[in-house]
Amino acid sequence: MKNWNGKHISKAAWLSLAGKWVFLGIMILFTLYPVIYTVLGSLKTNAELTQGGGFFPEKWHFENYYQAFVQADFTKYTFNSIVVSVSVTLLAVVTCSLAGFILARREFAGKKVLLALYLSMMFVSLGSVTLYPIYELLRALKLNKSIFALIVALTGGQATNVFLVMGFTKGIPKELDEAAIIDGCSIYGVYTRVVLPLSKPILAVVALFSFRNAWNDYITSLIMTISMPKLQTLTVAVVQLKYSVNAAAEWHIMLAGASIAIIPILIVYLFANKQFIAGLTAGAVKG
(Lines of atoms letter the chains of each structure in order from A and count residues from 1; the text may use other names and numbers.)
(Lines give C-alpha, C1' and ligand atoms only; values in the text may rest on other atoms or scores of the structure.)
Protein backbone atom coordinates (compact mmCIF):
# COMPACT_ATOMS: atom_id res chain seq x y z
CA MET A 1 0.00 0.00 0.00
CA LYS A 2 1.02 3.58 -0.60
CA ASN A 3 0.41 6.67 1.48
CA TRP A 4 -0.34 10.17 0.14
CA ASN A 5 3.40 10.74 -0.44
CA GLY A 6 3.61 7.73 -2.72
CA LYS A 7 5.69 5.71 -0.23
CA HIS A 8 4.91 2.06 0.47
CA ILE A 9 3.71 1.28 3.99
CA SER A 10 2.59 -1.97 5.56
CA LYS A 11 -1.01 -3.00 6.13
CA ALA A 12 -0.46 -2.78 9.90
CA ALA A 13 0.71 0.81 9.53
CA TRP A 14 -2.38 1.63 7.47
CA LEU A 15 -4.65 0.11 10.11
CA SER A 16 -2.84 2.04 12.83
CA LEU A 17 -3.21 5.28 10.87
CA ALA A 18 -6.90 4.60 10.19
CA GLY A 19 -7.47 3.90 13.88
CA LYS A 20 -5.89 7.22 14.81
CA TRP A 21 -8.10 9.10 12.33
CA VAL A 22 -11.22 7.35 13.64
CA PHE A 23 -10.26 8.21 17.22
CA LEU A 24 -9.61 11.85 16.28
CA GLY A 25 -12.93 11.98 14.43
CA ILE A 26 -14.80 10.71 17.50
CA MET A 27 -13.01 13.24 19.74
CA ILE A 28 -13.86 16.08 17.34
CA LEU A 29 -17.49 14.96 17.30
CA PHE A 30 -17.70 14.90 21.11
CA THR A 31 -15.98 18.30 21.30
CA LEU A 32 -18.06 20.09 18.68
CA TYR A 33 -21.46 18.51 19.39
CA PRO A 34 -22.31 20.79 22.38
CA VAL A 35 -21.40 23.86 20.33
CA ILE A 36 -23.43 22.70 17.32
CA TYR A 37 -26.39 21.83 19.55
CA THR A 38 -26.22 25.25 21.21
CA VAL A 39 -26.16 27.12 17.90
CA LEU A 40 -28.97 25.06 16.35
CA GLY A 41 -31.00 25.23 19.57
CA SER A 42 -30.68 29.01 19.58
CA LEU A 43 -32.49 29.09 16.24
CA LYS A 44 -35.46 27.00 17.39
CA THR A 45 -38.62 27.92 19.28
CA ASN A 46 -38.86 27.09 22.95
CA ALA A 47 -41.53 24.48 22.15
CA GLU A 48 -39.16 22.65 19.79
CA LEU A 49 -36.53 22.45 22.51
CA THR A 50 -38.80 21.36 25.35
CA GLN A 51 -41.06 19.00 23.39
CA GLY A 52 -38.35 17.04 21.61
CA GLY A 53 -38.22 18.49 18.12
CA GLY A 54 -35.78 17.44 15.41
CA PHE A 55 -32.05 18.08 15.44
CA PHE A 56 -32.39 20.94 12.96
CA PRO A 57 -34.88 23.81 13.43
CA GLU A 58 -38.17 23.57 11.55
CA LYS A 59 -37.76 27.29 10.89
CA TRP A 60 -34.65 29.37 11.52
CA HIS A 61 -35.54 31.99 14.16
CA PHE A 62 -32.73 34.53 13.98
CA GLU A 63 -34.86 36.95 15.98
CA ASN A 64 -33.86 34.95 19.06
CA TYR A 65 -30.47 36.64 18.90
CA TYR A 66 -32.01 40.09 18.87
CA GLN A 67 -34.21 39.24 21.85
CA ALA A 68 -31.23 37.85 23.76
CA PHE A 69 -29.11 40.90 22.97
CA VAL A 70 -31.80 43.32 24.15
CA GLN A 71 -33.05 41.39 27.18
CA ALA A 72 -29.58 40.67 28.56
CA ASP A 73 -28.30 44.22 27.92
CA PHE A 74 -25.26 42.77 26.19
CA THR A 75 -23.48 46.11 25.85
CA LYS A 76 -23.29 46.69 29.60
CA TYR A 77 -22.53 43.13 30.67
CA THR A 78 -20.03 42.55 27.88
CA PHE A 79 -18.15 45.63 29.07
CA ASN A 80 -18.14 44.22 32.62
CA SER A 81 -16.83 40.88 31.36
CA ILE A 82 -14.10 42.55 29.32
CA VAL A 83 -12.95 44.62 32.30
CA VAL A 84 -12.89 41.58 34.58
CA SER A 85 -11.29 39.19 32.08
CA VAL A 86 -8.57 41.58 30.93
CA SER A 87 -7.74 42.56 34.53
CA VAL A 88 -7.58 38.92 35.64
CA THR A 89 -5.40 38.07 32.64
CA LEU A 90 -2.89 40.84 33.35
CA LEU A 91 -2.70 40.00 37.06
CA ALA A 92 -2.38 36.28 36.34
CA VAL A 93 0.48 36.81 33.88
CA VAL A 94 2.39 38.94 36.41
CA THR A 95 1.77 36.77 39.49
CA CYS A 96 2.22 33.41 37.74
CA SER A 97 5.42 34.47 35.99
CA LEU A 98 6.90 35.73 39.28
CA ALA A 99 5.83 32.65 41.23
CA GLY A 100 7.01 30.26 38.52
CA PHE A 101 10.37 32.04 38.28
CA ILE A 102 11.00 31.93 42.04
CA LEU A 103 9.94 28.28 42.35
CA ALA A 104 12.17 27.30 39.43
CA ARG A 105 15.25 29.35 40.31
CA ARG A 106 15.40 29.87 44.09
CA GLU A 107 15.72 27.56 47.07
CA PHE A 108 14.00 28.61 50.30
CA ALA A 109 12.56 27.08 53.45
CA GLY A 110 9.16 25.49 52.92
CA LYS A 111 9.50 25.26 49.14
CA LYS A 112 8.50 21.59 49.02
CA VAL A 113 5.47 22.26 51.21
CA LEU A 114 4.43 25.14 48.97
CA LEU A 115 4.82 22.97 45.87
CA ALA A 116 2.70 20.26 47.51
CA LEU A 117 -0.02 22.82 48.24
CA TYR A 118 0.06 24.05 44.65
CA LEU A 119 -0.11 20.45 43.44
CA SER A 120 -3.13 19.72 45.64
CA MET A 121 -4.90 22.76 44.19
CA MET A 122 -4.43 21.29 40.71
CA PHE A 123 -5.99 17.91 41.47
CA VAL A 124 -8.44 18.68 44.28
CA SER A 125 -11.11 21.14 43.20
CA LEU A 126 -12.56 22.87 46.26
CA GLY A 127 -15.12 24.68 44.14
CA SER A 128 -17.79 26.50 46.07
CA VAL A 129 -16.23 25.49 49.42
CA THR A 130 -13.80 28.40 49.15
CA LEU A 131 -16.32 30.98 47.98
CA TYR A 132 -17.66 31.94 51.39
CA PRO A 133 -14.21 32.39 53.02
CA ILE A 134 -13.04 34.46 50.04
CA TYR A 135 -16.17 36.61 50.18
CA GLU A 136 -15.79 37.14 53.94
CA LEU A 137 -12.13 38.04 53.52
CA LEU A 138 -12.93 40.61 50.84
CA ARG A 139 -15.76 41.98 52.96
CA ALA A 140 -13.39 42.39 55.91
CA LEU A 141 -11.03 44.30 53.63
CA LYS A 142 -13.93 46.52 52.44
CA LEU A 143 -13.47 45.30 48.87
CA ASN A 144 -16.73 43.41 48.41
CA LYS A 145 -18.73 46.32 46.99
CA SER A 146 -16.68 46.82 43.84
CA ILE A 147 -15.77 44.84 40.77
CA PHE A 148 -12.27 44.55 42.24
CA ALA A 149 -13.60 41.81 44.54
CA LEU A 150 -14.49 39.62 41.58
CA ILE A 151 -11.14 40.32 39.90
CA VAL A 152 -9.23 39.29 43.04
CA ALA A 153 -11.33 36.16 43.52
CA LEU A 154 -10.81 35.02 39.92
CA THR A 155 -7.09 35.80 39.91
CA GLY A 156 -6.48 33.30 42.72
CA GLY A 157 -6.23 29.57 42.17
CA GLN A 158 -3.74 29.75 39.28
CA ALA A 159 -1.78 26.65 40.34
CA THR A 160 -1.79 25.07 36.89
CA ASN A 161 -0.45 28.24 35.29
CA VAL A 162 2.26 28.55 37.94
CA PHE A 163 3.42 25.00 37.19
CA LEU A 164 3.42 25.73 33.45
CA VAL A 165 5.67 28.75 33.95
CA MET A 166 7.88 26.90 36.43
CA GLY A 167 8.40 24.00 34.01
CA PHE A 168 9.21 26.37 31.16
CA THR A 169 11.64 28.40 33.30
CA LYS A 170 13.52 25.26 34.32
CA GLY A 171 14.27 24.72 30.63
CA ILE A 172 16.02 28.09 30.36
CA PRO A 173 19.78 27.54 30.95
CA LYS A 174 20.94 28.81 34.34
CA GLU A 175 24.15 29.96 32.68
CA LEU A 176 22.16 32.91 31.34
CA ASP A 177 21.27 33.89 34.91
CA GLU A 178 24.89 33.60 36.01
CA ALA A 179 26.09 35.70 33.09
CA ALA A 180 23.53 38.39 33.91
CA ILE A 181 24.57 38.41 37.58
CA ILE A 182 28.23 38.77 36.58
CA ASP A 183 27.18 41.78 34.48
CA GLY A 184 25.66 43.33 37.61
CA CYS A 185 22.01 42.26 37.42
CA SER A 186 20.06 41.63 40.60
CA ILE A 187 17.61 38.74 40.88
CA TYR A 188 14.92 41.14 39.69
CA GLY A 189 17.11 42.11 36.73
CA VAL A 190 17.58 38.45 35.83
CA TYR A 191 13.81 38.02 35.84
CA THR A 192 12.99 41.12 33.78
CA ARG A 193 15.94 41.08 31.34
CA VAL A 194 16.61 37.38 30.84
CA VAL A 195 13.79 35.06 31.89
CA LEU A 196 10.76 37.21 31.13
CA PRO A 197 11.61 37.92 27.45
CA LEU A 198 12.28 34.20 26.86
CA SER A 199 9.01 33.23 28.56
CA LYS A 200 6.69 34.95 26.10
CA PRO A 201 5.38 31.68 24.56
CA ILE A 202 4.29 30.18 27.88
CA LEU A 203 2.93 33.52 29.12
CA ALA A 204 0.70 33.59 26.03
CA VAL A 205 -0.73 30.25 27.17
CA VAL A 206 -1.23 31.59 30.70
CA ALA A 207 -2.97 34.67 29.31
CA LEU A 208 -5.32 32.63 27.13
CA PHE A 209 -6.19 30.19 29.92
CA SER A 210 -6.79 33.03 32.39
CA PHE A 211 -8.94 35.02 29.97
CA ARG A 212 -11.02 31.97 29.09
CA ASN A 213 -11.57 30.97 32.72
CA ALA A 214 -12.51 34.50 33.77
CA TRP A 215 -14.85 34.98 30.81
CA ASN A 216 -16.64 31.66 31.30
CA ASP A 217 -16.85 31.73 35.10
CA TYR A 218 -20.36 31.63 36.49
CA ILE A 219 -20.58 30.65 40.16
CA THR A 220 -17.86 33.02 41.46
CA SER A 221 -19.20 35.88 39.35
CA LEU A 222 -22.72 35.22 40.60
CA ILE A 223 -21.74 35.19 44.28
CA MET A 224 -19.42 38.19 44.13
CA THR A 225 -21.93 40.38 42.30
CA ILE A 226 -25.14 39.15 43.94
CA SER A 227 -25.56 42.46 45.76
CA MET A 228 -24.34 44.47 42.74
CA PRO A 229 -26.50 43.51 39.72
CA LYS A 230 -25.02 46.31 37.60
CA LEU A 231 -21.59 44.71 37.90
CA GLN A 232 -22.66 41.24 36.79
CA THR A 233 -20.72 39.58 33.99
CA LEU A 234 -22.11 38.38 30.68
CA THR A 235 -22.18 34.72 31.76
CA VAL A 236 -24.46 35.51 34.70
CA ALA A 237 -26.70 37.67 32.52
CA VAL A 238 -26.99 34.94 29.88
CA VAL A 239 -28.13 32.32 32.40
CA GLN A 240 -30.75 34.73 33.72
CA LEU A 241 -32.24 34.94 30.23
CA LYS A 242 -34.18 31.77 31.00
CA TYR A 243 -36.54 33.71 33.25
CA SER A 244 -36.22 37.18 31.79
CA VAL A 245 -39.83 37.60 30.62
CA ASN A 246 -42.11 34.66 31.32
CA ALA A 247 -42.40 32.23 34.21
CA ALA A 248 -41.47 29.34 31.92
CA ALA A 249 -37.80 28.82 31.13
CA GLU A 250 -36.90 30.35 27.77
CA TRP A 251 -34.14 27.98 26.73
CA HIS A 252 -34.00 29.21 23.14
CA ILE A 253 -33.21 32.76 24.29
CA MET A 254 -30.58 31.52 26.73
CA LEU A 255 -28.92 29.41 24.02
CA ALA A 256 -28.90 32.43 21.70
CA GLY A 257 -27.21 34.46 24.41
CA ALA A 258 -24.69 31.68 25.03
CA SER A 259 -23.90 31.53 21.31
CA ILE A 260 -23.16 35.27 21.29
CA ALA A 261 -21.11 35.00 24.49
CA ILE A 262 -18.64 32.49 23.04
CA ILE A 263 -17.71 34.76 20.12
CA PRO A 264 -15.08 36.81 22.05
CA ILE A 265 -13.33 33.62 23.18
CA LEU A 266 -13.19 32.37 19.60
CA ILE A 267 -11.80 35.71 18.40
CA VAL A 268 -9.10 35.74 21.10
CA TYR A 269 -8.12 32.16 20.27
CA LEU A 270 -7.97 32.83 16.53
CA PHE A 271 -5.61 35.77 17.06
CA ALA A 272 -3.50 33.97 19.68
CA ASN A 273 -3.57 30.53 18.07
CA LYS A 274 0.08 30.46 16.97
CA GLN A 275 1.36 31.76 20.32
CA PHE A 276 -0.84 29.29 22.20
CA ILE A 277 0.44 26.25 20.28
CA ALA A 278 4.04 27.51 20.42
CA GLY A 279 3.78 27.97 24.18
CA LEU A 280 2.36 24.51 24.81
CA THR A 281 4.87 22.73 22.57
CA ALA A 282 7.81 24.72 23.94
CA GLY A 283 6.62 24.06 27.48
CA ALA A 284 6.34 20.34 26.76
CA VAL A 285 9.88 20.19 25.38
CA LYS A 286 11.46 22.41 28.02
CA GLY A 287 9.45 21.04 30.96
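Residue numbers (UniProt numbering): 1 to 287.
Glycine included, each C-beta is placed from N, C-alpha and C at the ideal position.
By how many angstroms is the C-alpha of residue j removed from the C-alpha of residue i?
i: Lys-76; j: Ala-104; result: 42 Å
i: Thr-169; j: Val-206; result: 14 Å
i: Thr-88; j: Ile-265; result: According to the sequence provided, residue 88 is Val. The question's Thr does not apply to it. In a straight line, the C-alpha of Val-88 is about 15 Å away from that of Ile-265.
i: Met-195; j: Ile-277; result: It should be noted that the sequence gives Val, not Met, for residue 195. One C-alpha to the other measures close to 20 Å.
i: Ala-13; j: Leu-32; result: 28 Å
i: Gln-67; j: Leu-43; result: 12 Å
i: Val-70; j: Gln-240; result: 13 Å
i: Val-285; j: Met-122; result: Here the model assigns Val-285 a pLDDT of 47, short of 50, so the residue's position is not dependable and the matter cannot be decided.
i: Gly-257; j: Ala-237; result: 9 Å
i: Thr-235; j: Tyr-218; result: 6 Å
i: Ala-180; j: Ile-26; result: 50 Å
i: Val-22; j: Phe-30; result: 12 Å
i: Ile-223; j: Asn-216; result: 14 Å
i: Gly-53; j: Ile-28; result: 24 Å
i: Val-93; j: Ile-202; result: 10 Å
i: Trp-251; j: Tyr-37; result: 12 Å
i: Leu-208; j: Ser-221; result: 19 Å
i: Cys-185; j: Pro-197; result: 15 Å
i: Gln-158; j: Ala-214; result: 11 Å
i: Val-152; j: Lys-230; result: 18 Å
i: Thr-137; j: Leu-150; result: Per the sequence presented here, residue 137 reads as Leu, with Thr not at that position. Roughly 12 Å separates the two Cα atoms.
i: Ile-182; j: Leu-176; result: 10 Å
Can you tell me which of the three DSSP states residue i falls into?
i: Gln-51; result: coil
i: Arg-105; result: helix
i: Val-285; result: For Val-285, the predicted structure reports a pLDDT of 47, less than 50, and the residue's modelled location is therefore unreliable. The matter cannot be settled from this model.
i: Asn-144; result: coil
i: Thr-95; result: helix
i: Ile-151; result: helix
i: Trp-60; result: coil
i: Ser-186; result: coil
i: Ser-199; result: coil
i: Ala-68; result: helix
i: Gly-100; result: helix
i: Lys-44; result: coil
In the DSSP assignment, find the alpha helix (DSSP H) that holds residue i and state where it starts and stops.
i: Lys-20; result: 11-41
i: Tyr-218; result: Neither: Tyr-218 is in no alpha helix (DSSP H) and is coded neither H nor E.
i: Gly-110; result: Neither: Gly-110 is in no alpha helix (DSSP H) and is coded neither H nor E.
i: Arg-139; result: 131-140
i: Thr-225; result: Here Thr-225 belongs to no alpha helix (DSSP H), and DSSP marks it neither H nor E.
i: Ala-180; result: 174-182
i: Ala-256; result: 251-261
i: Val-194; result: First-last for Val-194: undefined, no H or E at that position.
i: Ala-237; result: 234-239
i: Leu-164; result: 159-170
Can you tell which of the options has the C-alpha that lies nearest to the C-alpha of residue i?
i: Thr-233; options: Ser-97, Asp-73, Ala-159 and Arg-193; result: Asp-73
i: Asn-80; options: Arg-139, Thr-45 and Phe-148; result: Phe-148
i: Lys-242; options: Trp-60, Asn-144 and Asn-64; result: Asn-64
i: Val-190; options: Trp-251, Arg-106 and Glu-136; result: Arg-106
i: Ile-102; options: Lys-174, Pro-57 and Gln-240; result: Lys-174
i: Leu-115; options: Lys-142, Leu-164 and Ser-146; result: Leu-164
i: Val-40; options: Ser-120, Asn-46 and Phe-55; result: First, the residue type needs correcting, since residue 40 is Leu and not Val in the sequence shown. For Leu-40, the nearest C-alpha among the options comes from Phe-55.
i: Ala-99; options: Leu-150, Ser-146 and Gly-156; result: Gly-156
i: Tyr-269; options: Phe-62, Ser-210 and Leu-231; result: Ser-210
i: residue 367; options: Ser-199, Asn-213 and Thr-192; result: The requested residue 367 is not part of the displayed model; the chain covers only 1 to 287.
i: Arg-212; options: Gln-51, Leu-15, Phe-108 and Ala-272; result: Ala-272
i: Ile-263; options: Val-35, Leu-15 and Ser-10; result: Val-35
i: Ser-120; options: Val-162, Ser-97 and Ser-259; result: Val-162
i: Met-228; options: Asn-144, Gln-275 and Glu-48; result: Asn-144
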